[in-house]
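Asks: Here the first sequence stands for residues 464 to 1034, numbered as in the numbering used here. All C-beta atoms, glycine included, are put in the ideal place defined by N, C-alpha and C. Shown below is the structure under consideration.
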Amino acid sequence: MDMKEILSKTIEQAVAQAVKVGAFSVEAVPDFTLEVPPQKEFGDYAANVAMVLSRQAKKPPRVVADAILQNMGKPEWLERAEIAGPGFLNFYLKATWLYDALAQVLEAGSNYGRSDIGNGARVQVEFVSANPTGPLHVGHGRGAAVGSVLSNIMAAAGFAVTKEFYINDAGNQMDCLTDSVIARYLQALAAGGEKAGTIEFPENGYHGRDIIELAEDILANHISGEEFLTRGGSFDPAAIPAELYDAFKELAQQEKLARIKKDLADFGVTFDVWFSEKTLHEGGAVLGAARELQSKGYIYEKDGALWLKSTDFGDDKDRVVIRENGVPTYLAADIAYHRDKFHRGFKQVINLWGADHHGYIARMKAAVGALGFDPDRLEVIILQMVSLYQNGEQVKMSKRTGQGVTLSELIEEVGRDAARFFFIMRSTDSQLDFDLDLAKSQTSDNPVYYIQYAHARICSIFRQAKEAGVVMPAVRDTDLTVLALPVETELIKKILSFKEETELAALRREPHRMARYAHELAALFHSFYNHCRVMTDDPAVQKARIILVLATQIVLRNVLGILGVDAPEKM
RNA sequence: GCGCCCGUAGCUCAGUGGAUAGAGCACUGGUCUCCGGAACCAGGUGCGUAGGUUCGAUUCCUACCGGGCGCACCA
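Rendered as structure tokens:
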């Protein structure tokens, strides 16, 4: 049990005792905050319990506070407690708690920061889920980074996390992809011949260079011109036999998906499950889900289509699930997909969507409700838009012409670590201005380098210590109480807050907290480093500082691990 | 028109029902006989506007203003 839990329990007991002796009366103790106060003069922890109890107790906050203190006894770890301001309880702990806690960090090592507040609950995080029709762009990059870091955070907090990518490999965008590839294929095939220049490209096709390259690759390595003609192909795209068309579709889709997987792997993002939309259609799950909704009475027919009564569940309007032509909508497949998720036993299902999909939340939650699941078990995190900036100007991009900046280009430009860090350092609710110049600068202006530098510096200290023949001290043989300077105790306190930061980031689904924490930790370390020599004449001080630096290194590694950013030993 | 997100320091952004609202960049000036100067230290009358709830609002509610994104039998 850490200090905060002990203190919290002590307060609750004191309140109960105060009620028992009749100091005041309350029905139940409401939630109160117990936090590190903004000024260190206010102690190590401050609680607002008296203020939140004031109304119920029908007594002024400071009177309630006094009664709580009178009934708290004198725990051995407590230096003193005071009533302050409007009724805060400020707790000043004996210095030993800091050092005991620091020693525990060393013992926990790479496990420090892990907790079990998730209680092993099975949680699914679905993210990126891009159509396999082209390369990932920077918007997907934000989703990939946030999804992967959030998953790491929640895993560290004791959730059983499954990372999943939903492959939109059904529907007309796949036909559109195939049409585009075939057009490029025919153009390549016709090159130099009499048909050259006569092949038209589909108006709504994918114009990217990657499609041209893909078509050329198919011509060179998969379907030769000769084979194409033998299998019934011609320069008329409309006359291509279904079997041949499907062969193109399969090749195109596989290549696009392989490229996506590669880009994500290069970005350090992995998935536990790749879930194909197509399998939902082919396995009958889409129609099965629609039938289930129908049997529950939430489907009706209008204008030849089948509609979901999503307005019964808070949506603005009802939604078509089966079109007039009998083809299920995207929503129908998504309903089947989410039904499948819940059937698989996930307690919470978290989806990361781009801001352009926020209008979809209400209908999806409605559908989940209609299926009989608690809509709150579906959480949708909306990621606001990303804008790239270079030389102080916004880098314009256009998805339609395929001239957008791809994720792989971005990684090549600024590096994996910087890209990951920049994508998660802002709240998901905020639009992200991604400064390319800053991200690739190898100076302390760049927060990624700043943090990594702290780690490299620590490694450098230890390298030199080793060369000098310094023996690494054992925690239990070290008197840590010599670490009494403000720069030392502040660093220790920051180290000790890591577990709580991780828990908070997990519970609130806020990965950017980890990025800020890492930066704050690095800043306190650099400050410590500039004020205190680790290798020094005083053996007692040296031992204790080595322990402190070791603890810093542990936490830096752990937090960078969660961020998926390298912790280099040299830079 | 309706819905979601945002509006905090010159810029990019944290934060939060409570005690003196923070960080980075930029700018200015300092720190080095010593563990990596990719560092440190110092410098600041900012919560869009107006109401409301509250003992207390930057935080919650309402309206308005400004910016972004949506509002399909597309995905």
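Spell out a yes or no on whether the region 771-784 and the region 658-666 are touching, meaning 3 or more CB-CB pairs, one atom from each, closer than 8 Å.
Replies: No, the region 771-784 is not in contact with the region 658-666.
Asks: Kindly confirm or deny that the region 681-701 and the region 607-615 touch, where touching means at least three C-beta pairs closer than 8 Å.
Replies: Judged by Cβ distances under 8 Å, the region 681-701 makes no contact with the region 607-615, as fewer than three pairs qualify.
Asks: H600 by DSSP, collapsed to three states: which one?
Replies: Walking along the first sequence from the start, residue 600 turns up at place 137. Note: H600 maps to strand in three-state DSSP.
Asks: For F809, which residues from the same chain have a beta carbon less than 6 Å from its beta carbon, with the 5 sequence-adjacent residues on both sides left out?
Replies: Counting from one through the first sequence, the residue named residue 809 turns up at place 346. Answer for F809: R585 and Q587, listed in chain order.
Asks: Taking Cβ to Cβ, would you say A509 is nearer than 7 Å to P523?
Replies: In the first sequence, residue 509 corresponds to position 46, counting from 1. In the first sequence, residue 523 corresponds to position 60, counting from 1. Against a cut-off of 7 Å, the Cβ pair of P523 and A509 comes out as no contact.
Asks: Considering Cα atoms alone, identify which of G506, G572 and V492 is closest to K962.
Replies: If you number the first sequence from 1, residue 962 lands on position 499. With distances taken between Cα atoms, K962 lies closest to G572.
Asks: Determine the extent of the beta strand (DSSP E) in which Q587 is found, giving its start and end residues.
Replies: Your numbering for residue 587 matches position 124 in the first sequence. Note, Q587: beta strand (DSSP E), R585 to E589.
Asks: To the nearest angstrom, report how far apart Y669 and P598 are at their CA atoms.
Replies: The residue given as residue 669 occupies position 206 in the first sequence. The residue given as residue 598 occupies position 135 in the first sequence. If you take the alpha carbons of Y669 and P598, they lie about 11 Å apart.
Asks: Can you tell me where the alpha helix (DSSP H) with L946 in it begins and where it stops?
Replies: By one-based count along the first sequence, residue 946 stands at place 483. No alpha helix (DSSP H) contains L946, which DSSP labels as neither H nor E.
Asks: Q1016 and I914: beta carbons closer than 7 Å?
Replies: The sequence position of residue 1016 within the first sequence is 553, counting from 1. The sequence position of residue 914 within the first sequence is 451, counting from 1. Contact: no.
Asks: Rounded to whole angstroms, what's the CA-CA distance from L815 to E589? Just pull it up for me.
Replies: Here residue 815 corresponds to residue number 352 of the first sequence, with the count starting at 1. Here residue 589 corresponds to residue number 126 of the first sequence, with the count starting at 1. Rounded to whole angstroms, L815 to E589 spans 6 Å at the Cα level.
Asks: Measuring alpha carbon to alpha carbon, tell me which of Y912, K521, A753 and F495 ends up nearest A488.
Replies: In the first sequence, counting from the first residue as 1, residue 488 sits at position 25. The sequence given here places Ser at residue 488; Ala does not occur at that position. Nearest C-alpha to S488: K521.
Asks: Measure the C-alpha to C-alpha separation of G695 and A705 and round it to an integer number of angstroms.
Replies: Stepping through the first sequence from its first residue, residue 695 is reached at position 232. Stepping through the first sequence from its first residue, residue 705 is reached at position 242. Looking at the two C-alpha atoms, the distance is approximately 10 Å.
Asks: Find out if the Cβ-Cβ distance for the pair A607, F711 is shorter than 7 Å.
Replies: Taking the first sequence and counting its residues from 1, the one referred to as residue 607 is at position 144. Taking the first sequence and counting its residues from 1, the one referred to as residue 711 is at position 248. The answer is no: Cβ separation not under 7 Å.
Asks: Of the choices I645, N582 and G656, whose alpha-carbon is the least far from that of A620?
Replies: Working through the first sequence from its first residue, we reach residue 620 at position 157. Checking every option, the nearest Cα to that of A620 belongs to N582.
Asks: Specify, as a first and last residue, the run of the alpha helix (DSSP H) that W560 falls within.
Replies: The sequence position of residue 560 within the first sequence is 97, counting from 1. Per DSSP, W560 belongs to the alpha helix (DSSP H) from T559 to A571.
Asks: Relative to the C-alpha of E787, which residue among G767, Y800 and K483 is closest?
Replies: Your numbering for residue 787 matches position 324 in the first sequence. Among G767, Y800 and K483, the Cα nearest to that of E787 belongs to G767.
Asks: CB A753 to CB A795, shorter than 7 Å?
Replies: Numbered from 1 along the first sequence, position 290 holds the residue referred to as residue 753. Numbered from 1 along the first sequence, position 332 holds the residue referred to as residue 795. In this structure, A795 lies closer than 7 Å to A753 by Cβ.
Asks: In whole angstroms, what separates the C-alpha of E983 from that of G660?
Replies: By one-based count along the first sequence, residue 983 stands at place 520. By one-based count along the first sequence, residue 660 stands at place 197. Near 60 Å, if we compare the C-alpha coordinates of G660 and E983.
Asks: Near A968, which residues of its chain fall below 7 Å by C-beta distance, leaving aside the five closest residues on each side in sequence?
Replies: Translated into the one-based positions of the first sequence, residue 968 becomes position 505. Closer than 7 Å at Cβ, skipping near neighbours: I616, P974, R976 and M977.
Asks: At which residues does the beta strand (DSSP E) containing E627 begin and terminate?
Replies: Looking up residue 627 in the first sequence gives position 164. Run containing E627: A623 to I630, per the beta strand (DSSP E) assignment.
Asks: Terminal residues of the continuous beta strand (DSSP E) containing E1048?
Replies: With the chain covering 464 to 1034 only, the question about residue 1048 has no answer from this structure.
Asks: In chain order, what residues of the same chain lie with their CB nearer than 7 Å to the CB of F885, ignoring the 5 residues before and after it?
Replies: Within the first sequence, numbered from 1, the residue matching residue 885 stands at position 422. Same-chain partners within the cutoff: F897 and A902.
Asks: Beta-carbon separation of E627 and F738 under 7 Å?
Replies: Taking the first residue of the first sequence as 1, we reach residue 627 at position 164. Taking the first residue of the first sequence as 1, we reach residue 738 at position 275. Yes. Within cutoff.
Asks: Indicate whether D726 and L870 have their beta-carbon atoms separated by less than 7 Å.
Replies: Translated into the one-based positions of the first sequence, residue 726 becomes position 263. Translated into the one-based positions of the first sequence, residue 870 becomes position 407. Yes, the Cβ-Cβ distance between D726 and L870 is below 7 Å.
Asks: Under a Cβ-count criterion, where at least 16 other Cβ atoms within 10 Å of its own Cβ denotes burial, should D1000 be classed as buried or exposed?
Replies: Taking the first residue of the first sequence as position 1, residue 1000 is located at position 537. Classification of D1000: exposed, given that the 10 Å Cβ count is below 16.
Asks: When you compare only the Cα positions, how much space is there between G865 and I675?
Replies: As a first step, residue 865 must be located in the first sequence, where it is residue number 402. As a first step, residue 675 must be located in the first sequence, where it is residue number 212. With a pLDDT of only 47 at G865, under the threshold of 50, the placement of this residue in the model should not be trusted; the figure read from the coordinates follows. Going by the C-alpha atoms only, they are around 12 Å apart.
Asks: Out of curiosity, what's the CA-to-CA distance linking G747 and S758?
Replies: Residue numbering aside, residue 747 sits at position 284 when the first sequence is read from its first letter. Residue numbering aside, residue 758 sits at position 295 when the first sequence is read from its first letter. Cα to Cα, G747 sits roughly 16 Å from S758.
Asks: Give me the DSSP bridge partner(s) of D779.
Replies: For the purposes of this step, residue 779 is identified with residue 316 of the first sequence, where counting begins at 1. BP columns for D779 are empty, so no partner.
Asks: Per DSSP, which residues does K765 bridge with? Please list them.
Replies: Numbered from its first residue, the first sequence carries residue 765 at position 302. The partner list for K765 (beta bridge, DSSP) reads A768.
Asks: Could you give the DSSP three-state label for L846: helix, strand or coil?
Replies: For the purposes of this step, residue 846 is identified with residue 383 of the first sequence, where counting begins at 1. Reduced to three states, the DSSP call for L846 is strand.
Asks: Using DSSP bridges, identify the partner residues of A510.
Replies: Taking the first sequence and counting its residues from 1, the one referred to as residue 510 is at position 47. DSSP, once it has assigned bridges, lists L497 and L552 as partnering A510.
Asks: Report yes if the C-beta distance between V812 and L841 is below 7 Å; otherwise report no.
Replies: By 1-based counting over the first sequence, the position of residue 812 is 349. By 1-based counting over the first sequence, the position of residue 841 is 378. Contact flag set, yes.
Asks: Could you give the C-beta distance for L470 and F551, rounded to a whole number, given that I count them as a contact under 8 Å?
Replies: Position 7 of the first sequence, counted from the start, is the residue given in the question as residue 470. Position 88 of the first sequence, counted from the start, is the residue given in the question as residue 551. So it is not a contact: roughly 14 Å between Cβ atoms.
Asks: What is the DSSP secondary structure of Q853, reduced to helix, strand or coil?
Replies: For the purposes of this step, residue 853 is identified with residue 390 of the first sequence, where counting begins at 1. Note: Q853 maps to strand in three-state DSSP.
Asks: Hey, could you find the ends of the beta strand (DSSP E) G867 is sitting in?
Replies: The residue labelled residue 867 in the question sits at position 404 within the first sequence. No beta strand (DSSP E) holds G867; DSSP gives it neither H nor E.
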